[in-house]
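Below you'll find the structure, written out as structure tokens, and then a few comments.
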Amino acid sequence: MRRSGYSRRAQYSVFTGYVVAAIGALIGAVLLGLSLWRPASFNGVRGAAQDVVLPAGEAGAEVRDTGTNIFETISAYYRAGSRNAELRREVDLARVRLAEATAIEQENIRLKGLLDLRESDVEPVTTARLVGSTGTSTRRFAYLAAGRDKNVVPGMPVRSPRGVLGRVVEAGNNISRVLLLTDSESVLPVRRATDEVVAFAEGRGDGTLRIRLINLGINPLKVGDVFVTSGAGGLYQPNTAVAVATEITPDGANARVIADPAGTNFVSVLPIWEPEILERQRLPIEEQLGE
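Structure (structure tokens):
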């Protein structure tokens, strides 16, 4: 009596599988033994197999390289973005540091200027701040935060670290009024810094000066000539910077003031250079100043 589900075809299939497996194992054993005995026998087979799989290997390698390049490109893009942001931060920080360095340099220049004010040949009466000036009127005055409380009196010259600004014309208890060189009533004896060409620096009321030569004739002045105080009249210390010629005229030149009140914070009030000259002339200071 046969078992349920019995099939001769299934038996043959199982038997055939066993036979094929046995043959495969036998062939494998033979090949293994042959490869151990004579390894060079399979060089041709291995070469043929490598030739068969070479295109597939190259394709796979290219795919891997492409994928790697894509990932590297994406990674480099993100790294470049972060690096650019870092560089921008460094540039911004460098700008800030540069601005700070410039400010420190300007502060050093200002402090050196104040030091020059205090270390000039003539001991200043006081050093004080300019608190205001007229800029729209034809009259040019400035106001000084020092007065009779600091021994300031009318007639005293006022200078900045760059040069002469003017002279005191009124002195209150704690504030003084300064007549600037550019005022139309201001006249200052000057000379060219490089020689003894003498002239008067007269204010034009527009922020500039007129250099009027004393000795008329051939005008020897040139654009760029620097003028300093001559010391004539006994009011101003000689050899203090006043102006630079900007335009030649028939009797002299037009000039710009070296010491710009708009860019000056602190000034030095100096004593009258030679007060005995004024006394010998037997004129009161106010009249000498054109009051």
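To convert a position in the sequence shown, counted from 1, into this note's numbering, add 687.
Every residue, glycine too, gets a C-beta built ideally from N, C-alpha and C.
The structure displayed is predicted, hence computed values, not measured ones.
query                                                                                                       : result
Validate contact between the region 890–906 and the region 833–841 using beta carbons, cut 8 Å, 3 pairs     : no
Length of the line joining the Cα atoms of glutamate 889 and arginine 776                                   : 54 Å
Counted within 10 angstroms of its Cβ, other Cβ atoms place glutamine 698 as buried (16 or more) or exposed : exposed
Endpoints, the beta strand (DSSP E) within which valine 931 is located                                      : 928–936
Separation of threonine 814 from phenylalanine 828, as counted between CA atoms                             : 18 Å
Buried or exposed by the 16-neighbour rule on C-beta atoms within 10 Å, applied to glutamate 806            : Confidence at glutamate 806 is low in this model, with a pLDDT of 47, below 50, so the placement of that residue should be treated as unreliable; the coordinate-derived value is given next. Exposed.
Proximity to serine 1058 [Cα-Cα], best of Asp947, Phe914, Arg891 and Ile714                                 : Nothing can be reported for residue 1058: it is not among the residues displayed for the chain, which extend from 688 to 978.
Test item: CB-CB of tryptophan 960 and proline 925 under 9 Å                                                : yes
First and last residue of the uninterrupted beta strand (DSSP E) at arginine 854                            : 851–858
Coarse secondary structure for arginine 775, derived from DSSP in three states                              : helix
Terminal residues of the beta strand (DSSP E) in which alanine 832 lies                                     : Unbroken run through alanine 832: none, as it is neither H nor E.
For glutamate 857, the nearest candidate out of Val885, Asn838 and Val717 (CA to CA)                        : Asn838
Pair within 9 Å by beta-carbon distance, arginine 816 and isoleucine 945                                    : no
Opposing strand residues paired with glycine 921 [DSSP bridges]                                             : Paired residue(s): none; glycine 921 is not in a bridge.
Runs of beta strand (DSSP E) wholly within the region 859–924 (minimum 3 residues, chain order)             : 863–867, 874–879, 885–890, 895–900 and 913–916
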